[in-house]
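Visitor:
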Amino acid sequence: MPVTPDDLFARLDELGIETATQRHPPVFTVEESKRLRGDLIGSHCKNLLLKDKKGVVWLVVTLEDRDIDMKDLRRRIGSSHLSFGKADLLLDVLGVEPGAVTPFALINDTTQRVRVVLDREMMAGEHLNYHPLTNTATTRITPSDLLIFVRACGHEPQIADL
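Per the working numbering, the very first residue in the sequence shown carries number 672; after that it's consecutive.
1) Can you tell me which of Arg791, Asp790, Glu768 puts its alpha carbon nearest to the alpha carbon of Val674?
2) Are the region 788-801 and the region 732-742 touching by the rule of at least three beta carbon pairs closer than 8 angstroms?
3) With 16 as the cutoff for other CB atoms within 10 Å, does Asp780 come out buried or exposed?
4) Given this structure, state the Cα-to-Cα distance separating Ala776 from Asp832, to the nearest angstrom.
5) Count the other CB atoms within 10 Å of the CB of Ser754; is the residue buried (16 or more) or exposed (fewer)?
6) So, is Ser751 buried or exposed, given that buried needs 16 or more other C-beta atoms within 10 angstroms?
7) Starting from Ser815, follow its DSSP beta bridges and name the residues at the other end.
8) Assuming Leu799 contacts Leu817 under a Cβ cut-off of 8 angstroms, what Cβ separation, rounded to an integer in Å, is found between them?
9) State the DSSP-derived secondary structure class of Lys694, mapped to helix, strand or coil.
10) How many Å lie between Ala823 and Leu760 at the Cα?
11) What is the DSSP secondary structure of Lys742, counted as helix, strand or coil?
12) If you follow the alpha helix (DSSP H) that Leu761 is in, where does it begin and where does it stop?
13) Using a C-beta cutoff of 7 angstroms, does Glu797 count as contacting chain B?
14) Leaving aside the five residues before and after Val764 along the sequence, list all residues of the same chain whose C-beta is less than 8 angstroms from its C-beta, in chain order.
15) My guess is that Gly770 and Pro676 are in contact by the Cβ rule of under 8 angstroms, so how many angstroms apart are they, rounded?
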């Protein structure tokens, strides 16, 4: 059973991680998010669940406006040919629906099936914004606290120049 947003916030509190969350209508794309986020400070991000030809599942987290060339990405992260993960894989591995992909969903990857890649430029920001397991809210976190959370979920993220 996937973790709920309330469970996520409780875990963040347990880890001593401060966040700020803003509720909003559901968003499914970066463009929708841009229209609805108002004055939410910090870098806004996109999250790509990918699967390579060898069956490895990747979560690539980057700045929202970063263009991703899949051939170049696989070279940078050391994967084989990449394709986008389907909705059933997303639900099975991260416990979220399309539109709600987020590094916070790593809390549901209890078998550490996902390899995590974080954009180096994104991680240089002061604050980062992600959905808290639902696309009806956005939660702000610092890059250092994001690393604490990801590691507490049993993942060692790869920081890459994307």
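All C-beta atoms, glycine included, are put in the ideal place defined by N, C-alpha and C.
Guide: Taking the definition as stated:
1) Glu768
2) yes
3) buried
4) 23 angstroms
5) exposed
6) Ser751 is exposed by the Cβ-count criterion.
7) According to DSSP, which records beta bridges pairwise, Ser815 is partnered with nothing at all.
8) 6 angstroms
9) The question names Lys, yet the displayed sequence has Arg at residue 694. Of the three classes helix, strand and coil, the one that applies to Arg694 here is strand, per DSSP.
10) So the alpha carbons of these two residues sit roughly 22 angstroms apart.
11) helix
12) 758-765
13) In the structure shown, chain B cannot be found, because there is only a single protein chain.
14) Leu720, Val728, Gly756, Asn779, Asp780, Arg784, Val785
15) Actually they are not in contact, since the Cβ atoms of Gly770 and Pro676 sit about 14 angstroms apart, beyond 8 angstroms.
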